[in-house]
Amino acid sequence: MTDAYIAKGLGSEGVPSQLSRSVASDALHNVASKPLFRITTAQHNSKIDPAVVQQLCRASHDADERQMNAYVSELLKQGVPRMALIEDYIPATARDLGDQWLADHLSFVQVSIGAARLQAALRGLYAALPRQVLDVGLQLAVITPPDEQHTIGTIIVGNTLRLAGHTVWLATGFHDYEIVERLARRDFDAILVSIAQERNLAKLPLFLERVRAACHQPVSLYVGGCALERLSTAERSTLGADLVTSDMEQVTRHLAATTEMKKQKT
Numbered sequence: 337m338t339d340a341y342i343a344k345g346l347g348s349e350g351v352p353s354q355l356s357r358s359v360a361s362d363a364l365h366n367v368a369s370k371p372l373f374r375i376t377t378a379q380h381n382s383k384i385d386p387a388v389v390q391q392l393c394r395a396s397h398d399a400d401e402r403q404m405n406a407y408v409s410e411l412l413k414q415g416v417p418r419m420a421l422i423e424d425y426i427p428a429t430a431r432d433l434g435d436q437w438l439a440d441h442l443s444f445v446q447v448s449i450g451a452a453r454l455q456a457a458l459r460g461l462y463a464a465l466p467r468q469v470l471d472v473g474l475q476l477a478v479i480t481p482p483d484e485q486h487t488i489g490t491i492i493v494g495n496t497l498r499l500a501g502h503t504v505w506l507a508t509g510f511h512d513y514e515i516v517e518r519l520a521r522r523d524f525d526a527i528l529v530s531i532a533q534e535r536n537l538a539k540l541p542l543f544l545e546r547v548r549a550a551c552h553q554p555v556s557l558y559v560g561g562c563a564l565e566r567l568s569t570a571e572r573s574t575l576g577a578d579l580v581t582s583d584m585e586q587v588t589r590h591l592a593a594t595t596e597m598k599k600q601k602t
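Throughout the sequence shown, residue numbering follows the working numbering, covering 337 to 602 in sequence.
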């Protein structure tokens with residue numbers, strides 16, 4: 337986590353305000369359980385062991401920073417599937433961190449350290465997975481807009497797309513103008529945007545309009561996240577996205593079609 341992120345959660349006296357505590361805990365809880373787009377896999381049907389989640393939570397904010405990597409390594413040796421850790425256990429641990437903070441069982445600093453270590457663990461787990469090699473891969477951007485304070489779901493989706501052979505820019509913690517500037521400098525084939533907090537829905541159409549306008553070429557724009565689940569079909573159609581879904585398989589099918597179109601042009 338960046339210092340800027342931590343500062344957003346602090347009140348005037350340097351401690352988390354009750355409002356920011358509730359918002360951030362809600363973000364950890366909701367987004368951890370439903371990443372940017374809901375990922376479904378047939379590779380494992382693991383039943384989450386609460387004792388493992390509790391130990392991961394303790395290791396994530398332990399005074400000894402080596403405990404997290406040591407416990408993850410131990411779980412892998414015990415036969416816990418790598419993808420189960422990525423898609424099940426680490427998101428569940430993020431939810432537990434949020435719940436414990438809201439209940440005043442953990443401090444803001446402990447939760448901040450824990451979330452950062454969970455992100456680092458995700459990157460380490462993904463680094464050991466084989467990456468598919470495509471003749472023609474896509475240039476993708478995975479974005480969490482300003483005021484969206486989650487990153488774990490974005491990391492999961494971004495790295496899943498990388499393993500599929502695509503080039504991915506993960507945009508978390510950026511201001512509007514920074515996102516627009518980066519999009520204007522590169523030619524992306526598709527952009528995926530995450531919205532987890534319903535209070536940000538009112539600003540979403542304008543943000544998507546700016547994102548699309550920044551691109552030099554036609555681009556597919558996908559929007560997902562738990563904040564969209566209560567929207568009707570009519571409400572979703574007004575957002576300005578090409579696809580609004582929390583089904584990663586549906587996104588993957590659209591990306592496959594985009595890849596075929598790109599092949600035909602090369």
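Beta carbons are placed, not taken as given, at the ideal position from N, Cα and C, and that holds for glycine.
Beta-bridge partners of residue i, as assigned by DSSP
i, result
"residue 530", "560"
"residue 477", "505 and 527"
"residue 579", "558"
Sequence-distant residues of its chain with Cβ nearer than 7 Å to residue i (five each side left out)
i, result
"residue 313", "Nothing can be reported for residue 313, as the shown portion of the chain is limited to 337 through 602."
"residue 472", "595, 598, 599 and 602"
"residue 384", "424, 425 and 428"
Residue i: first and last residue of the uninterrupted alpha helix (DSSP H) it sits in
i, result
"residue 413", "402-413"
"residue 446", "444-463"
"residue 587", "584-601"
"residue 572", "569-573"
"residue 384", "Element bounds for residue 384: n/a, residue is neither H nor E."
"residue 543", "540-550"
"residue 513", "512-521"
"residue 435", "426-438"
Nearest to residue i (by Cα), restricted to the options the options
i, options, result
"residue 458", "425, 478 and 437", "425"
"residue 464", "495, 531, 448 and 475", "495"
"residue 585", "493, 437, 535 and 564", "493"
"residue 481", "398, 446 and 511", "511"
"residue 430", "399, 452 and 439", "452"
"residue 524", "579, 567 and 474", "474"
"residue 650", "529, 504, 455 and 433", "Here the chain comprises residues numbered 337 to 602, so residue 650 is not present and cannot be evaluated."
"residue 422", "447, 462 and 566", "462"
"residue 542", "516, 476, 402 and 436", "516"
"residue 442", "476, 479, 398 and 522", "398"
Residues of its chain near residue i, where Cβ-Cβ distance is below 8 Å and the 5 sequence neighbours each way are ignored
i, result
"residue 340", "Note that residue 340 scores a pLDDT of 31, beneath 50, so its modelled location is shaky and nothing firm can be said."
"residue 407", "391, 392 and 395"
"residue 587", "373, 528, 558, 560, 579 and 581"
"residue 571", "none"
"residue 574", "541"
Cβ neighbours of residue i in the same chain (closer than 6 Å, five flanking residues each side left out)
i, result
"residue 370", "Low local confidence applies: a pLDDT of 41 at residue 370 is under 50, so the model's placement there is unreliable, and no value is given."
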